[in-house]
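Undergrad: Just so you know, the sequence shown maps onto residues 447 to 542 in the working numbering.
The structure that follows is given in the form of structure tokens.
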Amino acid sequence: MAFWNSSQREKIDPEVARRERLMTFGRVTEGTILENDSTEVIEVTTVYYTYCVSGADYETSYLLIEEQRENLPKYAPGAKVSVRYDPRQPANSIVV
447 MAFWNSSQRE KIDPEVARRE RLMTFGRVTE GTILENDSTE VIEVTTVYYT
497 YCVSGADYET SYLLIEEQRE NLPKYAPGAK VSVRYDPRQP ANSIVV
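Below is the structure:
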């Protein structure tokens, strides 16, 4: 009989797991970037955006991943972006 040591399981970052779930199972809609946290000193890391699902408007923020930060003009205020959201909890979303 094998002994399972739960402390040996690989720890998965909850945000990484959430992003993977939304990339796999999330529905896609269009969103609009409202603003970002860019200044002349630091690069954009967080964007604030809005989107609509079934007539309900959502406004939230998202921490950009490294590959997204390589294309910052795509996340300028007013830019249209794709948003993946959880159909069971539409407030749970990411910018793709």
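Positions of the beta carbon are idealized from the N, C-alpha and C atoms, including for glycine.
Remember, it's a predicted structure, so these values are computed and weren't measured experimentally.
Can the beta-carbon of residue 480 be found less than 8 Å from the beta-carbon of residue 497?
TA: Reading the sequence shown from its first residue, position 34 is the one you call residue 480. Reading the sequence shown from its first residue, position 51 is the one you call residue 497. Going by C-beta atoms, residue 480 is not nearer than 8 Å to residue 497.
Undergrad: Please report how far the alpha carbon of residue 529 lies from the alpha carbon of residue 491, in whole angstroms.
TA: Start at 1 with the first residue of the sequence shown, and residue 529 comes out as number 83. Start at 1 with the first residue of the sequence shown, and residue 491 comes out as number 45. Distance between the alpha carbons of residue 529 and residue 491 is about 17 Å.
Undergrad: If you compare alpha carbons, which of 532, 474, 536, 542 is closest to residue 517?
TA: Along the sequence shown, read from residue 1 onward, the residue named residue 517 stands at position 71. Closest option to residue 517, Cα to Cα, is 542.
Undergrad: Compute the Euclidean distance between the alpha carbons of residue 476 and residue 468, then round it to the nearest angstrom.
TA: Residue mapping note: residue 476 aligns to position 30 of the sequence shown, counting from 1. Residue mapping note: residue 468 aligns to position 22 of the sequence shown, counting from 1. Cα-Cα distance, rounded: 15 Å.
Undergrad: Taking the C-alpha atoms as reference points, what is the distance between residue 508 and residue 482?
TA: Residue mapping note: residue 508 aligns to position 62 of the sequence shown, counting from 1. Residue mapping note: residue 482 aligns to position 36 of the sequence shown, counting from 1. Cα to Cα, residue 508 sits roughly 10 Å from residue 482.
Undergrad: If you draw a straight line from the C-alpha of residue 515 to the C-alpha of residue 521, how long is it?
TA: Taking the first residue of the sequence shown as position 1, residue 515 is located at position 69. Taking the first residue of the sequence shown as position 1, residue 521 is located at position 75. Rounded to the nearest angstrom, the two C-alpha atoms are 9 Å apart.
Undergrad: Leaving out five residues on either side along the sequence, give the residues of the same chain with a beta carbon under 7 Å from the beta carbon of residue 499.
TA: One-based indexing of the sequence shown puts residue 499 at position 53. Result list for residue 499: 475, 531, 536, in chain order.
Undergrad: Which one or two residues does DSSP pair with residue 509 in a beta bridge?
TA: To locate residue 509, count along the sequence shown from 1; it is residue 63. DSSP, once it has assigned bridges, lists 492 as partnering residue 509.
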